[in-house]
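So that you can map any letter, position 361 of the sequence shown is 341 in our numbering, and since no number is skipped, the others follow by simple counting. For glycine and all other residues, C-beta sits at the position ideal for the given N, C-alpha and C. Values in this document were obtained by computation on a predicted structure and should not be read as measured data. Remarks on the structure that follows.
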Amino acid sequence: MRFSQLLCPTVRETPNDAEVISHQLMIRAGMIRKVAAGIYSFLPLGYRIIQKFEAIVREEMNRAGAQEVFLPAVVPAELWEESGRWQLYGKELLRLRDRHNKEFCIGPTHEEVITDLVRQTVRSYRQLPLSLYQIQTKFRDEIRPRFGLMRGREFGMKDAYSFHANWESLDATYAAMSRAYEAIFKRCGLDFRIVEADSGAIGGDSSAEFMVMAATGEDAIIHCNTCSYAANLEAAKVRPSPVDSGDKTPAYASILTPNAGKIEDVTAFLGRPAEHFIKTLVYMANEVPVLVLVRGDHTVNEIKLRHVLDCQELSLAEDETVKSVTGAPVGFAGPVALPAAVRIVADAAVMGLADAVSGANQKDTHLTHIQPGRDFVPEIVADIRDAIVGDACYHCDSGTYQILRGIEVGHIFKLGEKYSQALNAVFLNAEGKEQTFIMGCYGVGIGRTVAAAIEQNHDADGIIWPMALAPYHVDVIVLNTKDADLVAISDRIYQTLTENRIEVIYDDRAESAGIKFKDAELIGFPIQVIIGKKVKEEGLFEIKLRATKEVRLVVEADLVSALQDLIRN
Ligand code: ATP
Ligand code: MG
-19 MRFSQLLCPT
-9 VRETPNDAEV
1 ISHQLMIRAG
11 MIRKVAAGIY
21 SFLPLGYRII
31 QKFEAIVREE
41 MNRAGAQEVF
51 LPAVVPAELW
61 EESGRWQLYG
71 KELLRLRDRH
81 NKEFCIGPTH
91 EEVITDLVRQ
101 TVRSYRQLPL
111 SLYQIQTKFR
121 DEIRPRFGLM
131 RGREFGMKDA
141 YSFHANWESL
151 DATYAAMSRA
161 YEAIFKRCGL
171 DFRIVEADSG
181 AIGGDSSAEF
191 MVMAATGEDA
201 IIHCNTCSYA
211 ANLEAAKVRP
221 SPVDSGDKTP
231 AYASILTPNA
241 GKIEDVTAFL
251 GRPAEHFIKT
261 LVYMANEVPV
271 LVLVRGDHTV
281 NEIKLRHVLD
291 CQELSLAEDE
301 TVKSVTGAPV
311 GFAGPVALPA
321 AVRIVADAAV
331 MGLADAVSGA
341 NQKDTHLTHI
351 QPGRDFVPEI
361 VADIRDAIVG
371 DACYHCDSGT
381 YQILRGIEVG
391 HIFKLGEKYS
401 QALNAVFLNA
411 EGKEQTFIMG
421 CYGVGIGRTV
431 AAAIEQNHDA
441 DGIIWPMALA
451 PYHVDVIVLN
461 TKDADLVAIS
471 DRIYQTLTEN
481 RIEVIYDDRA
491 ESAGIKFKDA
501 ELIGFPIQVI
511 IGKKVKEEGL
521 FEIKLRATKE
531 VRLVVEADLV
541 SALQDLIRN
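Now the structure itself:
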């Protein structure tokens, strides 16, 4: 491809709505352009990179035995009503009506459509296991689309679904998909980790996320400094704290704490650390108020809380509800001396406290010398908090937790019978009896992975593409287009490289050498071949590597093989 003909509007200034480097660089390198919030057009280089990644995904999915299909983006509401998600999915689901006033959505994910397809077409256990995948555009009306391709509203996803007659078969495919994902991200040269994720109702090791490590990642990953345990913060298990018997705790007493309704204020006022406090929050769980207790230095993990309470709808209560439940304004709630009975859920660490402080359910008042278990008995004690740095590892005896940041690029999940049951998707088993399919689902964010690759591979000058994703491997740069000899040599080299099937961009533009170098670095072609004075005077071609800036000189006869070696490695 000749650069002079390429639509690649590079820009020098950083766009002001681009917070993360991948977003900035993809815009600056002329790869994407914003159409609306979270909606982008891909320009030729950007689209080539996407296609490169998709090709890798396809190869590994096919190798894992999955078959490619292509499902519609526009999905009738009926299917989503069957699964119950038409009501549950909320505002991320883009809903629309056709001319007959029938309701549809733009698929944010495709469990319903695939389950419908399989229930119509698969009859017998002999056809199982079956894995199907597609690479397609999804739409999720994210509240905060941001970071360019990282969190778009319209975005590409590879989604795969597997169907099984039994759990062992699902386990085998789940493991194969996990290996395929490892292969995909390894081939892209990414530094990633597989972390345990929240697996909803199914539990166990039934959901994992593939995280590309990056300081700008939206996800916090807990990992042990000693063993291999790693989990998404949402899912990271916390080891129960040792319990203090508290038999020396005096009877509780109230203490005036004027205007100190916030943990920071009351800790300062009483001169005691947040660890001694019981933070009391009022939640609405399926429309019923629940008192939720965590230690003052901890935060509630709503995903865990949702599981413990087994509820779909969970939110912090309005101030009015807090007042009616505790009899006090927000900030002074506590588990002792409540005006009326209310469910109490406590984090395990709260029960480990002795002589604690909490709100007194009275304005401007706290209680000291609270002894959990003695002064209040929760209905449920469970792990309902976020893990923090320094927590003892749940899995090994000596490690402690650290936090890293990552970008979730893939997610594998054992769905079980959730969708097959809802849609009554059945096959005939070996005994000739109807049985619901057992399912798995497996997603990879296409644009998000490409963006994550940039987060991990860039420098002050621009992108440094891993070879596997580079839009072109080699950028042939002719330094002076006014020199007819140089141009003739460059044309010849371009032709030779192309004939040898090297992916090459030929920067034949009548621009200064400075501009060409800047663009080459910004776009991030892994290899530059520089054609300048040295070629004419000494017959030497300069090969420059983007990543290391290392320069090698080769004669024309060795150029093709030198480049092929570099591309292969
Ligand atoms: P997140 O927690 O980041 O919103 P998710 O759990 O909703 O992700 P899944 O439903 O598991 O994501 O979708 C599979 C994959 O699709 C994700 O691992 C991610 O790579 C990608 N993905 C999800 N949402 C977006 C988005 N808004 N923009 C780009 N890619 C996305
Ligand atoms: Mg999401």
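- Contact annotation, E40 with Y113: C-beta distance approximately 10 Å; criterion of less than 8 Å not satisfied.
- In this chain, the beta strand (DSSP E) harbouring V54 covers 54 to 56.
- Non-local C-beta neighbours of F521 in its own chain, meaning closer than 8 Å and more than five positions away in sequence, comprise I473, V509, I510, I511, K514, V515, L533, V534, V535, E536, L539, ordered along the chain.
- Shown here, E39 sits in a helix according to DSSP, grouped into three states.
- Sequence-distant Cβ neighbours of E34 in its own chain, meaning closer than 7 Å and more than five residues away, are I115, I426.
- Pairing S21 with V484, the inter-Cα distance amounts to about 24 Å.
- Residue pairing from DSSP places F521 in a beta bridge opposite V534.
- Inter-segment contact for the segment -1 to 11 and the segment 98 to 111 is absent: fewer than three beta-carbon pairs are separated by less than 8 Å.
- Secondary structure in the segment 255 to 294: the alpha helix (DSSP H) runs of 4 residues or longer, each lying completely within the stretch, are 282 to 289 in chain order.
- In this chain, the alpha helix (DSSP H) harbouring D96 covers 91 to 101.
- A straight-line Cα-Cα distance of about 12 Å links V288 and V280.
- Setting aside the 5 residues that flank it on each side, T348 is surrounded in the same chain by Y232, A233, I235, V337, each with a C-beta closer than 7 Å to its C-beta; the list follows chain order.
- Within the same chain, Cβ atoms closer than 7 Å to the Cβ of V369 are found at Y381, Q382, I383, the five residues on either side in sequence being excluded.
- DSSP places M11 in the coil class of the three-state scheme, outside both helix and strand.
- DSSP links G425 through a beta bridge to M137.
- I29 and A490 have their C-alpha atoms roughly 26 Å apart.
- Secondary structure at V175: strand, using DSSP grouped into helix, strand and coil.
- Of the residues assessed, A177 falls on the buried side of the cut-off, its CB having 16 or more other CB atoms within 10 angstroms.
- About 23 Å separates the beta carbon of A211 from that of Y263, a gap too long to meet the 8 Å contact definition.
- Contact annotation, E189 with E388: C-beta distance approximately 5 Å; criterion of less than 8 Å satisfied.
- The bridge partners DSSP lists for D455 are I485, Q508.
- The three-state reading of DSSP puts E214 in coil, since its state is none of H, G, I, E or B.
- Under DSSP, the beta-bridge partners assigned to C85 are V55, R75.
- Residue range 233 to 236 is occupied by the beta strand (DSSP E) that includes I235, with no alpha helix (DSSP H) assigned at that position.
- The shortest C-alpha to C-alpha distance from A367 to any of N239, E214, A46 is the one to E214.
- With a threshold of 16 other beta carbon atoms within 10 Å, R43 falls short and is exposed.
- Residue range 493 to 503 is occupied by the alpha helix (DSSP H) that includes F497, with no beta strand (DSSP E) assigned at that position.
- If you check the CB distance, L51 and V93 come in under 8 Å.
- When D78, I482, K138 are compared, the shortest CA-CA separation from A46 is found for K138.
- In this structure, H90 has its CB at a distance of at least 7 Å from all heavy atoms of the ligand ATP.
- By the neighbour-count definition (other C-beta atoms within 10 Å, threshold 16), H80 is an exposed residue.
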